[in-house]
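Colleague: Protein chains in written order, with my numbering: chain F, 1 to 174; chain U, 1001 to 1137. For each residue, glycine too, the CB sits at the ideal point set by N, CA and C. Before I ask anything, let me first share the structure, which is written out below as structure tokens.
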């Protein structure tokens, strides 16, 4: 019951956003640490892919109101990396399927947010490439880091607001 | 979260060692003998940065930096005509280390700015951690 209560809100999506930006902070910190390393190529997480995944998940949430039941694939064509409980297998006993859907959103959300969204790639060589082969730009890195940390703060604040609403309902006072 | 701080710390350590090396170069700018008293001009030190090795399960995550202090073997000593100097050669020239104050100072400024950038990065990571903890309140 509590899971369905949380699943109908945007809390699972905000959680994805916060964990994505925390992982991205790590990659950006690595870029700053390697600012003087010759031949180091700046890295970043696939932000555009994450945005489109988030868009697909939000559209799904708006159309159905919950993540409890899922289509086999989303419009972006993301599939889960692994299928440990055999959820996609039609021969799976129904008991496992039921228990998995009771378990909550983790399994379902991984369809929208595959693990490869958390893997750093070489960032676009938009900046000047120096003679040592590095495309460092401390200004870009710092700006991205600031944006990233604001995004994380934003998602945490929104989560907090939702939890406060929930608490108000539970304690029956505003 | 803690991994981000470790990465930034590796940057801090590397830049501090770079500053140490620069200080060493500047302190020895007129050194004409080695630690055993032999006549040999001090050789400039420099720090080589390298991306930290990552294990296969760390691939795709942020990487720290590692460094190595190297001795500049290539630059020729600076010859100054000082016939009365105890370390002068037969022609009256003294070999001083080939250290350029301007180069070292510019490198020092760059190192200290890079150090600051890593500090800012740690502060941002801390701020994000504080944000996350605020859920518990």
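Using a Cβ-Cβ distance under 9 angstroms, would residue 1099/U count as near chain F?
Modeller: no
Colleague: Could you please give me the residues that DSSP links to residue 1093/U through a beta bridge?
Modeller: 1081/U
Colleague: Can you tell me whether residue 1070/U is helix, strand or coil according to DSSP?
Modeller: strand
Colleague: Helix, strand or coil for residue 44/F, going by three-state DSSP, please let me know.
Modeller: The answer is strand: DSSP assigns residue 44/F an E or B state.
Colleague: Are there 16 or more other CB atoms within 10 angstroms of the CB of residue 122/F, so buried, or fewer, so exposed?
Modeller: exposed
Colleague: Anything in chain F within Cβ reach of residue 1127/U, meaning under 8 angstroms, just list it in chain order.
Modeller: 149, 153
Colleague: What is the C-beta distance between residue 113/F and residue 33/F, in whole angstroms, given that I count them as a contact (C-beta under 8 angstroms)?
Modeller: Incorrect: roughly 27 angstroms between the Cβ atoms, too far for contact.
Colleague: Between which two residues does the alpha helix (DSSP H) harbouring residue 20/F extend?
Modeller: 11 to 33
Colleague: Looking at the structure shown, is residue 1054/U part of a helix, part of a strand, or coil, going by DSSP?
Modeller: Under the three-state reduction of DSSP output, residue 1054/U falls in the coil class, being neither helix nor strand.
Colleague: How would you call residue 170/F, buried or exposed, if buried means at least 16 neighbouring beta carbons within 10 angstroms?
Modeller: Label assigned to residue 170/F: exposed.
Colleague: Cβ of residue 1067/U within 9 angstroms of Cβ of residue 1033/U?
Modeller: no
Colleague: Any beta carbon of chain B sitting closer than 9 angstroms to that of residue 1065/U?
Modeller: Absence of chain B from the displayed structure is noted, the protein chains being F and U.
Colleague: Within the 9 angstroms Cβ cut-off, does residue 27/F reach chain U?
Modeller: Yes, because at least one Cβ of chain U sits closer than 9 angstroms to the Cβ of residue 27/F.
Colleague: Determine, for residue 159/F, whether the minimum Cβ-Cβ distance to residues of chain U falls below 9 angstroms.
Modeller: yes
Colleague: Does the Cβ of residue 1007/U have 16 or more other Cβ atoms within 10 Å, making it buried, or fewer, making it exposed?
Modeller: buried
Colleague: Nearest to residue 50/F by alpha carbon, out of 129/F, 138/F, 23/F, 40/F?
Modeller: 23/F
Colleague: For the region 30 to 58 of chain F, which residues have a CB atom closer than 8 angstroms to at least one CB atom of chain U, in sequence order?
Modeller: 30, 31, 32, 33, 34, 35, 36, 37, 38, 40, 43
Colleague: Could you tell me if residue 1041/U is buried or exposed, where buried requires 16 or more neighbouring beta carbons within 10 angstroms of its beta carbon?
Modeller: buried
Colleague: Taking its Cβ as the centre, do 16 or more other Cβ atoms sit within 10 Å of residue 1064/U, making it buried, or is it exposed?
Modeller: buried
Colleague: Helix, strand or coil for residue 121/F per DSSP?
Modeller: strand
Colleague: Figure out for me which residue from 172/F, 152/F, 28/F, 116/F has the closest Cα to the Cα of residue 236/F.
Modeller: The displayed coordinates of chain F run from 1 to 174. Any statement about residue 236/F would go beyond what the structure contains.
Colleague: For residue 130/F, count neighbouring Cβ atoms within 10 angstroms of its own Cβ and tell me buried if that reaches 16, exposed if not.
Modeller: exposed
Colleague: Look at the alpha carbon of residue 107/F and the alpha carbon of residue 46/F, and state the distance between them as a whole number of angstroms.
Modeller: With a pLDDT of 47 at residue 107/F, under the threshold of 50, the modelled position of that residue is not reliable, and the figure given next carries that caveat. The alpha-carbon separation between residue 107/F and residue 46/F amounts to approximately 21 angstroms.
Colleague: Cα separation between residue 1080/U and residue 148/F?
Modeller: Looking at the two C-alpha atoms, the distance is approximately 55 angstroms.
Colleague: Let me check understanding here. Comparing Cα to Cα, which of 1076/U, 1022/U, 1010/U lies closest to residue 1102/U?
Modeller: 1022/U
Colleague: Among residues of its own chain, excluding the 5 on either side of residue 1015/U, which ones have a beta-carbon nearer than 6 angstroms to its beta-carbon?
Modeller: 1111, 1114, 1115
Colleague: Between 1002/U, 1048/U, 1086/U, which has its C-alpha nearest residue 1107/U's C-alpha?
Modeller: 1048/U
Colleague: When you compare the CB of residue 16/F with every CB in chain U, is at least one pair closer than 9 angstroms?
Modeller: no
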